[in-house]
Amino acid sequence: MSDQTPGDRAAKSAQPGDIDDYLADLPREERAVLERLRETVRAAAPEAVETVKYKIPVFKHHGDLVGFAAQKDFMSFYVMSPDLVKEKAADIEGFEVSGATIHFLPDRPLPAALVTELVKARVEENEKEG
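Each residue of the sequence shown is one higher than the last, beginning at 19 in the numbering used here.
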């Protein structure tokens, strides 16, 4: 894996204005994978607000919910809850995990059912906390 920071692949030096701007700068295959991920998150958390934070697309619902990014050598799904990632370790098996982040490749994206489960769990966590 790379030492690049979140979003440095698409965001370059400036913060993108919105998620559409972020995705527009990506190669077609990566953009398609992240657009599907975005739609899955939207469906799982329809009340979440899209924004760009830390130079990456982030969904907010009672605080930061989840985010995603494209780096040089992989893509990332930021679950933003180390405890949830540990709890779902068996479901995430086969993907590289770093803290609360799941790394994946464009030709092996995260399953929509897994993303939906993680997002709904994050909504519950954030609603309890906030």
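For glycine and all other residues, C-beta sits at the position ideal for the given N, C-alpha and C.
Practice item. Use the C-beta contact count for R140: other C-beta atoms within 10 angstroms, 16 or more gives buried, fewer gives exposed. Key: buried
Exercise for review: Report yes if the CB atom of E48 is closer than 8 Å to the CB atom of A88, and no otherwise.
Suggested key: yes
Practice item. Would you give the residue range spanned by the alpha helix (DSSP H) that A107 belongs to? Key: A107 to I110
Practice item. Taking D91 as the reference, give the member of L44, Q33 and P34 with the closest Cα. Key: L44
Check your understanding: For L136, which of helix, strand or coil comes out of DSSP?
Key -> helix
Point to revise | Pick from H79, E68, D109 and V67 that is closest to E147, judged by C-alpha positions | key: H79
**Study point:** Beta-carbon proximity list for L55, same chain, < 6 Å, skipping 5 on both sides
**Key:** F86
Exercise for review: For the stretch 107 to 123 and the stretch 66 to 74, state whether three or more C-beta atom pairs, one from each stretch, are separated by less than 8 Å.
Suggested key: no
Check your understanding: How big is the Cα-Cα spacing for E142 and L102?
Key -> 11 Å
**Study point:** Contact under 8 Å by Cβ, V137 with V84
**Key:** yes
Check your understanding: According to DSSP, what are the bridge partners of D125?
Key -> In the DSSP output, where bridge partners are listed per residue, D125 has none listed.
Check your understanding: Along the chain, which unbroken stretches of the alpha helix (DSSP H) at least 4 residues long are found entirely within the stretch 70 to 121?
Key -> 100 to 105 and 107 to 110
Exercise for review: Name, in chain order, the residues that DSSP records as bridge partners for E142.
Suggested key: In the DSSP output, where bridge partners are listed per residue, E142 has none listed.
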